[in-house]
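Enquirer:
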Amino acid sequence: MHVSWSEAREYCSATGGRLPTWEEWEKAAYTETRANPEDEFERGRTYPYPVGDKPDGMNTSGGDLWPPHATVGATKRGVNGLYDMGGNVWEWLADRRGSEALTAGGSWWYGADKTRSSAVQWKSADFYAVYIGFRCVYAT
Numbered sequence: 000m001h002v003s004w005s006e007a008r009e010y011c012s013a014t015g016g017r018l019p020t021w022e023e024w025e026k027a028a029y030t031e032t033r034a035n036p037e038d039e040f041e042r043g044r045t046y047p048y049p050v051g052d053k054p055d056g057m058n059t060s061g062g063d064l065w066p067p068h069a070t071v072g073a074t075k076r077g078v079n080g081l082y083d084m085g086g087n088v089w090e091w092l093a094d095r096r097g098s099e100a101l102t103a104g105g106s107w108w109y110g111a112d113k114t115r116s117s118a119v120q121w122k123s124a125d126f127y128a129v130y131i132g133f134r135c136v137y138a139t
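Letter by letter, the sequence shown follows residues 0 to 139 in numbering that gives the first Met the number 0.
1. With DSSP run on the structure shown, which of helix, strand or coil describes Asn58?
2. Tell me the rounded alpha-carbon separation between Asp55 and Gly61.
3. How big is the Cα-Cα spacing for Tyr46 and Ser98?
4. Between the Cα of Thr20 and those of Trp89, Ala93, Ser3, spot the shortest distance and give me the residue it belongs to.
5. Residues in its own chain within less than 7 Å of Thr102 by CB, not counting five upstream and five downstream?
6. Asn87 and Trp107 - do their beta-carbons sit closer together than 8 Å?
7. May I ask you to report which of helix, strand or coil DSSP gives Arg8?
8. Which residue wins for smallest C-alpha separation from Asp52, given the options Thr59, Phe40, Arg96?
9. Mind the definition here: the segment 67-87 touches the segment 3-16 only if three or more C-beta pairs lie below 8 Å; say whether that holds.
10. DSSP three-state label for Ala30, please.
11. According to DSSP, is Ser123 helix, strand or coil?
12. Is Glu37 helix, strand or coil by DSSP?
13. Go to Trp89, then tell me how far its beta strand (DSSP E) extends in each direction, as first and last residue.
See the structure below:
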């Protein structure tokens with residue numbers, strides 16, 4: 000958290016990874032692709048929130064159980080068995096538009112409506128804040 004887009008990209012690169020594209024991130028966050036999904040998820044279904052049909056269980060500003068910056072994995076496990084794709088911190092994505100970069104997922108600072116796929120936000124790539132982080136993609 001609290002890193003610019005370039006810092007996030009450089010970290011991923013230094014550790015053998017890269018930032019995810021919006022297309023990759025969106026599929027991972029909302030469409031269940033596991034052969035035998037756990038919990039209430041159904042293979043092939045696209046959900047409105049990264050945790051399913053309702054926003055319950057994410058770290059947002061909506062009076063949930065977690066403080067800002069909840070420990071990774073402390074919130075409800077979501078689509079594809081992933082944690083914190085909605086809430087906790089916005090995530091930098093690889094997509095750029097001039098001097099701006101795309102973020103997705105919402106954060107503890109925002110309400111659950113910002114965790115939906117339609118709520119992605121372009122931010123200045125040199126911006127950094129306590130509610131923006133990232134995750135890296137690694138080839139398997």
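We treat Cβ as the ideally placed atom computed from N, Cα and C, and that holds for glycine.
Expert: This is what the structure holds:
1. strand
2. 9 Å
3. 31 Å
4. Minimum Cα distance to Thr20 is reached at Ala93.
5. Trp89, Glu90, Trp91, Leu92, Val119, Gln120, Lys122, Ile131
6. Judged by beta-carbon spacing, Asn87 lies within the 8 Å limit of Trp107, meaning their Cβ atoms are closer than that value.
7. helix
8. Phe40
9. no
10. Correcting the residue identity first, residue 30 is Thr in this sequence and not Ala. Under the three-state reduction of DSSP output, Thr30 falls in the strand class.
11. strand
12. coil
13. 89-96
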